[in-house]
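Reading through the structure tokens given below for one structure.
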Amino acid sequence: MIGAKKPMQKFYCIIKHPFLPTFAENEARDYIIQQENDKARAKLKALAEELIPDFIEVSFYVSEIDFHQTLPQLLSEPFENLIFIGLQGTGVLKKLFLGSVALRIIGNTDNTVVAMPKGIDSFSHEKIFVAVGENKPLNIEQLNNFLSFIDHNNTSITFFHLAKPNEDTTRIKEHLQRLSNIYADRFSTNFAIYEANNRIDGIKGVINNKIDEILIVQKGSRILTDQLFKRFLINELVYEGQTPLIVLP
Numbered sequence: 254m255i256g257a258k259k260p261m262q263k264f265y266c267i268i269k270h271p272f273l274p275t276f277a278e279n280e281a282r283d284y285i286i287q288q289e290n291d292k293a294r295a296k297l298k299a300l301a302e303e304l305i306p307d308f309i310e311v312s313f314y315v316s317e318i319d320f321h322q323t324l325p326q327l328l329s330e331p332f333e334n335l336i337f338i339g340l341q342g343t344g345v346l347k348k349l350f351l352g353s354v355a356l357r358i359i360g361n362t363d364n365t366v367v368a369m370p371k372g373i374d375s376f377s378h379e380k381i382f383v384a385v386g387e388n389k390p391l392n393i394e395q396l397n398n399f400l401s402f403i404d405h406n407n408t409s410i411t412f413f414h415l416a417k418p419n420e421d422t423t424r425i426k427e428h429l430q431r432l433s434n435i436y437a438d439r440f441s442t443n444f445a446i447y448e449a450n451n452r453i454d455g456i457k458g459v460i461n462n463k464i465d466e467i468l469i470v471q472k473g474s475r476i477l478t479d480q481l482f483k484r485f486l487i488n489e490l491v492y493e494g495q496t497p498l499i500v501l502p
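Residue 254 is where the sequence shown starts when you use the working numbering, and the numbers rise one by one after that.
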């Protein structure tokens, strides 16, 4: 989790501890938990030393307690928060369903979530694609919060809508144009409407699976509620295409 209002970054790590038999002594449990927490904290510190400049103050929070209890406390602090989730995707089920922890966080938080596929060795934001629907309004406030983390130079934003063949796109076209104009003073912007028989074909015409692309979607939109599309989005774009996925609350 990263806060933006102050020069401080905070990392929240969810730990899955090895199975302990119910008859294990409390002292043994506490020892193993402490060992795992220490290992996780060491990994976080190594990650911070590699990626975070020295002038930024970094604090660490590692806990074995379920994130439903601890995450709300961290998010209540006076920061503009981003929650970063690393996606491992080592098995078919994990790829298709994103992982129970990630889905629970996306479904139960009112903060922007950044899903980063494991194995991505570089990150660029030269091309940002923002999916816009008609029925689920785009959370402009949260979009602005996320874009405040982004360097405006050499960054283009495309607001797009996935339309079915022969769909009346008059209203959505006007909306896309307004969004493009709103951000034109800070970014290079444009908009597009992609027609396809299904949204999977449409999204293939938008994202080219390149490391300089970011896909932003709105929680609750059809793009995320359509089960077939969500599987494609997660499997082929996030995992195979190494495309960072931003989910706005």
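Note that the Cβ used here is the ideal one computed from N, Cα and C, for glycine as well.
Item	Value
When you compare only the Cα positions, how much space is there between GLU387 and TYR436?	19 Å
Check whether the Cβ atoms of ILE469 and PHE402 sit closer than 9 Å, and answer yes or no.	no
Return yes when the Cβ of LEU335 is within less than 9 Å of the Cβ of VAL367, no when it is not.	yes
Please classify ILE403: does DSSP put it in a helix, a strand, or coil?	coil
So the alpha helix (DSSP H) PRO370 belongs to, where does it begin and stop?	Not the alpha helix (DSSP H): PRO370 falls in the beta strand (DSSP E), residues 365-370.
Is it buried or exposed, PRO331, if we count other Cβ atoms within 10 angstroms and call 16 or more buried?	exposed
Taking the alpha-carbon of LEU501 as reference, which of ILE410, PHE412 and ILE393 has the nearest alpha-carbon?	ILE393
Between LEU297 and PHE320, how many whole angstroms is the CB-CB distance? I'm expecting something under 8 Å.	Between PHE320 and LEU297 the Cβ distance is about 15 Å, and since that is not below 8 Å, they are no contact.
Anyone know if the C-beta pair for LYS380 and GLU466 falls short of 9 Å?	yes
Need the endpoints of the alpha helix (DSSP H) that HIS321 sits in, please.	320-328
Which value, in whole angstroms, describes the spacing of the CA atoms of LEU477 and ALA281?	43 Å
What are the boundary residues of the alpha helix (DSSP H) that TYR436 is part of?	Taken as a continuous stretch (DSSP letters only), TYR436 belongs to no alpha helix (DSSP H), as it is neither H nor E.
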